[in-house]
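A.B. asks:
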Amino acid sequence: MNASVPGTPANARRGIPLVDGVEKVTGKARYTADLDRTGALVGRIYRSPVNHAEILRLDVSRARALPGVIAVVTGDDCPHPYGVLPVAMNEYPMARDRIRYRGEPIAAVAAVDAETAEQALALIALEVRELPAYFASDEARASDAVLLHENKEGNLERAVHHAFGDIDAGFAEADLVREVSIDCAEVNHAQIEPHAALAEFDPLTGRLTMQSVSQVGYYLHLMLARCLEMDESRIRMIKPFIGGGFGARVEALNFEVITALLARVAEAKVYTELTREECFLTHRARPQTTTKLKLGMAKDGRLTACECEVIQRGGAYAGYGIVTILYAGALLQGLYRLPAVKYDGYRVYTNLPPCGAMRGHGAVNVRHTFEVLLDRMARELGLDPFDVRRANLLEAPTRTLNDLMINSYGLGECLEWVEKASGWRERRGKLAPGKGLGMACSHYVSGAAKPVHWTGEPHAVINVKLDWDGVVTVLTGAPEIGQGSSTMAVIAVAETLDIPPDWLRVICGDSEVTPKDNGAYSSRITFMVGNAAIDAARKLKGILVDAAARKLQASPDDVECAKGSFRNARSPEQVLPFIDVVREALVNEGTITVKGTFTCPPEAQGGKHRGGAVGSTMGFSYAAQVVEASIDEVTGEVTVDKVWVALDCGHAINPLAVEGQIEGSVWMGMGQALSEETRYLDGLPAHASLLEYRVPTSNESPPVDVHIVETNDPNGPFGAKEASEGALASAMPALVAAIADATGIDLDQLPVTPDRMMDALIERRRRARREATRKVAP
Amino acid sequence: MSSQPPPRKQIVRMRVNGRWREDAVADHALLVDYLRETAGLTGTKTGCDGGECGACAVLVDGVAVPSCITLAARCDGHSVETIEGMAQGGRLHRLQKAFHEQLGAQCGFCTPGMIMAAEALLRKNPKPTEAEIRSALSGNLCRCTGYVKIVKAVQIAAEAGS
């Protein structure tokens, strides 16, 4: 049953199903919408019908007077701006004075039932003075544009200017210098579970209990305390089952704060569930991005210099924006050897729903652009796409120019596997007409080495409890959201103690029971919580070995612990079952609880330059993939036929879950490349449903062959690094390269919808005709 | 307390997971709300604003339907099966077992609807091809798996037989 035997390669191990899997396949898993709502009021949100305006008058008196309405709240109920970054809190749960996007919450009601709540919303009167609204970065940056936020000149949330190495010398040394400008549409997480929150305020005790879909219970806890002016100790956060996140829920969201405000005013339990349309309005996903990139390359494919400008259309509020624009620059590095890098990033405020973090946070659109240009330059120099990557590999251990630490690096092995598995050398250029092969690489951090809220605490804390019944209970605040983090923690403890995972239980995400955890973001959990779990398990093992030694009348050094029993190495016939050792350990002690911690050392926390902490991590995952695609020249439809992907995750603690993460991330990147795109018509979301926002169905999704590369990172838990984000960003450029291989068409815009593909095919035909005419002409 | 009189209701008799029930149901009540709120079967999920994601799929007379755009009253006299009725005799149904063991469920939110859609397929077509599986599940969105392990789970369940 060992999921993670060191020394056995991941691809020969299977791993174990999720510890909470049976609940999921039987329908017993309780998500927020499934919680006991006996007596709960229904919360509904009144949203702005305009894009940008001053509020002249907001009248909720008629709503308040409607029988069945128990509470109405507005911006007046919360004068505290909130936000995930302490340096950029500029959002209110409900607009005060100023509205900045259509769909922004303005007021909310709690009523005895949904019909009454909706009727109450219709009775709210709003008078505004409309202001010019901006739906594109260049409009918002125009010199005469009205500012969305005071003291944010040019509607810039943050401009980043970084330069490392000698950029001029780098370009001077190049044999080929090329530039590209690529536009990636805004996309959305579209996790299948809609947003929901259940808040209960007890006026007798003054305590608030909050259950919601959050990936970051701790950050939400902080923001609820701030917005409700409550002492943190009066708030309890409980995490139900969560139906996916992908970054949608990595900051406190307005509907969560609103539900808590309603519960306090109503002195009751309030349940708010957002429609799918409202989930799109809540947004917080990957921004529309224009990336201008210039690379210098030597004849042999070596990169000599990189100059990059990124403009992100950030939406109306800060959210994670500063981090996103910093990530975009920082993660230019860490994948290949780059002697000189210049980066200019601009995060722009616009009158659209606020963007935030989404799987591959900040790195994805820039990586897409980089890989696309790399491929085109390789073609121009007559180099194979694999060879041009190989000419730029790093050697671990090393540090990048921007001081990112690289301790393990398996990109070379990833390249080798996908090249072979896909039959690249034999098949490329020999496929049927309309078919092509493309490849690309990507990487991602295993947790931000500097947390958003710096408190001086360890980066991760976990408790492990052992009781008289022999059950080992893992207590973790790390939010299990479907990625398998609870299973990972169970395996880490079970492997260390060498007991079957089945002997363990896990309790996850209850602020009154489990230790604080920063949350499920930046792929931090396996690396940080995994290390903390091993630390706790080692301490517990020490206690058990001492107890076994006492009972065996042996020296602890002679006690061996294996497969759930303990024995004396000097007299191997002396064997004690686990439960006997547990009971010995509890004598005079009682129930045992041990704590494990993990802290990223200062040298892992990035460079000293401004924003240098973003991108810093203890370990990068590395991925390479090959995409085979078909292009229908009649309909413009692009089909991904097959994907081969290899990921260096250091060590796969649970190979089954690692495979699942790789498959899911590759597929999500493919969706962004093929069909996913939010669109707004004068600020009105045009794709705010799962019908218009085109997530690929099973019919449009390819088989994915996965290979796990294990480089055994020196700092990772059992050598592990992250596995769920690293492979996403290479999916898009690999597909665009496959299209170029099939058609000779270079696409500079994502997604490659059939109409965009068709336009490009028609343009190619016209050009061919023009050239033919020119040749014929005398 | 409410501002409006309660909606008109009619008595609906429905066989849910093999047992007949009789409930007063509002004319406009959706099957998904009836199952979740009246029958207490919260395994069936809602993921969209109507008929887009498949998370609410249940079987009505053996056919997979989106319960979020089906009126409960229309199911009067019919047999409805949900995820809660799948495990029998203390054992997981072959699809549940395969989804669990093959990691066909990650976050699990689409899983009940996915399993019900797969069950409808296997009853009609016990040995489906990969293309038939993909086509039968194309009304059920999953955001975690890329469908790779879902398709595999259905294949393994099909091989296991009924």
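Protein chains in written order, with numbering that gives the first Met the number 0: chain A, 0 to 777; chain B, 0 to 161. Every residue gets a Cβ at the ideal spot worked out from N, C-alpha and C, and that includes glycine.
1) Given this structure, state the Cα-to-Cα distance separating A135 (chain A) from T349 (chain A), to the nearest angstrom.
2) Run down chain A in chain order and give the residues with a C-beta less than 8 Å from the C-beta of T167 (chain B).
3) Using a Cβ-Cβ cut-off of less than 8 Å, give me the residues of the region 25-52 of chain A that come near chain B, in sequence order.
4) Under 7 Å between the Cβ atoms of N253 (chain A) and P78 (chain A)?
5) Do you know how far the Cα of I166 (chain A) is from the Cα of A420 (chain A)?
6) Indicate whether F245 (chain A) and N187 (chain A) have their beta-carbon atoms separated by less than 7 Å.
7) Compare the Cα-Cα distances from E418 (chain A) to each of A:V644, A:A116, A:L689 and report the closest residue.
8) The alpha helix (DSSP H) with N364 (chain A) in it runs from where to where?
9) Grab the span of the beta strand (DSSP E) containing M296 (chain A) for me, first residue to last.
10) How many Å lie between H51 (chain A) and E277 (chain A) at the Cα?
11) Since L655 (chain A) contacts L102 (chain B) with CB under 8 Å, what's their CB separation in whole angstroms?
12) Output yes if chain C places a C-beta closer than 7 Å to the C-beta of N406 (chain A); else output no.
13) Could you check where the beta strand (DSSP E) with A156 (chain B) kicks off and where it finishes?
14) Can you give me the C-alpha to C-alpha distance between S570 (chain A) and S554 (chain A), rounded to a whole angstrom?
15) Look up P571 (chain A) in the DSSP assignment and say whether it is helix, strand or coil.
16) Is it right to say A11 (chain A) is buried, meaning 16 or more other beta carbons lie within 10 angstroms of its own, or is it exposed?
17) Which residues, taken in chain order from the region 17-31 of chain B, show a beta carbon closer than 8 Å to some beta carbon of chain A?
18) Using a threshold of 6 Å, is the CB atom of A11 (chain A) nearer than that to any non-hydrogen atom of the ligand NAD?
19) Run through DSSP, which three-state label would L436 (chain A) get?
20) Is there a Cβ of chain A sitting closer than 7 Å to that of V147 (chain B), yes or no?
21) So, for A687 (chain A): in the same chain, excluding its five sequence neighbours on each side, which residues have a beta-carbon less than 6 Å away from its beta-carbon?
22) Along the chain, where does the alpha helix (DSSP H) that runs through Y326 (chain A) open and close?
23) Between the region 562-581 of chain A and the region 423-436 of chain A, do at least 3 Cβ pairs fall closer than 8 Å?
24) Please state the DSSP three-state secondary structure of G835 (chain A).
25) How do the region 528-547 of chain A and the region 595-606 of chain A stand: do at least 3 beta-carbon pairs fall below 8 Å, yes or no?
26) Going by C-alpha to C-alpha distance, which of A:R427, A:R235, A:P239 sits closest to A259 (chain A)?
27) Smallest Cα separation from A612 (chain A): which of A:L330, A:A247, A:A124, A:L120?
28) Looking at the C-beta of L102 (chain B), does it have a partner C-beta in chain A at a distance below 7 Å?
29) Three-state secondary structure (DSSP) at T472 (chain A)?
30) Quick one: what's got a C-beta closer than 8 Å to R755 (chain A)'s C-beta in the same chain, skipping five residues either side?
31) Mind checking which residues open and close the alpha helix (DSSP H) that includes F279 (chain A)?
32) When burial is assigned at 16 or more other CB atoms within 10 Å of the CB, is R769 (chain A) buried or exposed?
33) Taking contact to mean 3 or more Cβ pairs, one atom from each stretch, closer than 8 Å, check whether the region 695-713 of chain A and the region 407-418 of chain A are in contact.
34) Cβ closer than 7 Å: which chain B residues qualify as neighbours of S700 (chain A)?
35) Could you check whether S564 (chain A) and G798 (chain A) sit closer than 7 Å to each other, using their CB atoms as the reference points?
36) Nearest CA to the CA of F577 (chain A): which residue from A:A622, A:L503, A:T616?
C.D. replies: The answer reads as follows:
1) As a first step, residue 135 (chain A) is located in the first sequence; it is residue number 136 there, counting from the start. As a first step, residue 349 (chain A) is located in the first sequence; it is residue number 350 there, counting from the start. Counting only the Cα atoms, T349 (chain A) lies some 7 Å from A135 (chain A).
2) Because chain B spans 0 through 161 in this model, residue 167 (chain B) falls outside it and cannot be assessed.
3) Flagged, chain order: T25, G26, K27, A28, R29, Y30, A32, D33.
4) By 1-based counting over the first sequence, the position of residue 253 (chain A) is 254. By 1-based counting over the first sequence, the position of residue 78 (chain A) is 79. Cβ distance not < 7 Å, so N253 (chain A) and P78 (chain A) don't count as in contact.
5) As a position in the first sequence, residue 420 (chain A) is number 421, starting the count at 1. As a position in the first sequence, residue 166 (chain A) is number 167, starting the count at 1. When rounded, the distance between both Cα atoms is 38 Å.
6) In the first sequence, the residue the question calls residue 245 (chain A) occupies position 246. In the first sequence, the residue the question calls residue 187 (chain A) occupies position 188. Against a cut-off of 7 Å, the Cβ pair of N187 (chain A) and F245 (chain A) comes out as no contact.
7) In the first sequence, counting from the first residue as 1, residue 418 (chain A) sits at position 419. Among A:V644, A:A116, A:L689, the Cα nearest to that of E418 (chain A) is on A:V644.
8) Within the first sequence, residue 364 (chain A) is the residue found at index 365, counting from 1. Residues 363-379.
9) Here residue 296 (chain A) refers to the residue found at position 297 of the first sequence. In the DSSP annotation of this structure, the continuous segment of the beta strand (DSSP E) that includes M296 (chain A) starts and ends at 287-296.
10) Here residue 51 (chain A) corresponds to residue number 52 of the first sequence, with the count starting at 1. Here residue 277 (chain A) corresponds to residue number 278 of the first sequence, with the count starting at 1. Roughly 18 Å between the two C-alpha positions.
11) What you label residue 655 (chain A) is simply residue 656 of the first sequence in a count that begins at 1. What you label residue 102 (chain B) is simply residue 103 of the second sequence in a count that begins at 1. That pair is a contact at about 5 Å.
12) No chain C appears in this structure, whose protein chains are A and B.
13) Taking the first residue of the second sequence as position 1, residue 156 (chain B) is located at position 157. Segment 147-159 is the alpha helix (DSSP H) holding A156 (chain B); no beta strand (DSSP E) there.
14) Numbered from 1 along the first sequence, position 571 holds the residue referred to as residue 570 (chain A). Numbered from 1 along the first sequence, position 555 holds the residue referred to as residue 554 (chain A). Rounded to the nearest angstrom, the two C-alpha atoms are 12 Å apart.
15) Position 572 of the first sequence, counted from the start, is the residue given in the question as residue 571 (chain A). Residue state, collapsed to three classes: strand.
16) In the first sequence, counting from the first residue as 1, residue 11 (chain A) sits at position 12. Counting other Cβ atoms within 10 Å of its Cβ, A11 (chain A) stays below 16 and is therefore classed as exposed.
17) Hits within the stretch: zero.
18) No copy of the ligand NAD occurs in the structure displayed, which carries no ligand at all.
19) As a working mapping, residue 436 (chain A) is identified with position 437 in the first sequence. L436 (chain A): strand per DSSP, three-state reduction.
20) Your numbering for residue 147 (chain B) matches position 148 in the second sequence. For V147 (chain B), the answer is yes, since a Cβ of chain A falls inside 7 Å of its Cβ.
21) The count along the first sequence starts at 1 and reaches residue 687 (chain A) at position 688. Within the same chain, E276, F279 come within 6 Å of A687 (chain A) by CB-CB distance, once the 5 residues on both sides are set aside.
22) Position 327 of the first sequence, counting from 1, holds the residue named residue 326 (chain A). Taken as a continuous stretch (DSSP letters only), the alpha helix (DSSP H) holding Y326 (chain A) covers 320-329.
23) no
24) Lying outside 0 to 777, the shown extent of chain A, residue 835 (chain A) is not represented and no answer is given.
25) yes
26) Along the first sequence, one-based indexing puts residue 259 (chain A) at 260. Checked all of A:R427, A:R235, A:P239; the closest Cα to A259 (chain A) is A:R235.
27) Stepping through the first sequence from its first residue, residue 612 (chain A) is reached at position 613. Among A:L330, A:A247, A:A124, A:L120, the Cα nearest to that of A612 (chain A) is on A:L330.
28) Here residue 102 (chain B) is taken as the residue at index 103 of the second sequence, counted from 1. Interface residue, yes.
29) By 1-based counting over the first sequence, the position of residue 472 (chain A) is 473. In this structure, T472 (chain A) counts as strand in the three-state DSSP scheme.
30) Within the first sequence, residue 755 (chain A) is the residue found at index 756, counting from 1. For R755 (chain A), where only same-chain residues beyond five positions count, the Cβ hits under 8 Å are G635, L746, Q748.
31) Looking up residue 279 (chain A) in the first sequence gives position 280. Its alpha helix (DSSP H) spans residues 275-281.
32) What you label residue 769 (chain A) is simply residue 770 of the first sequence in a count that begins at 1. Answer is exposed; the Cβ neighbour count stays below 16.
33) yes
34) For this step, residue 700 (chain A) is matched to residue 701 along the first sequence. G145, Y146, listed in chain order.
35) Look at the range of chain A in this structure, 0 to 777, and you will see that residue 798 (chain A) is not part of it.
36) Locating residue 577 (chain A) in the first sequence gives position 578, counting from the first residue. F577 (chain A) has its Cα closest to that of A:L503, out of A:A622, A:L503, A:T616.
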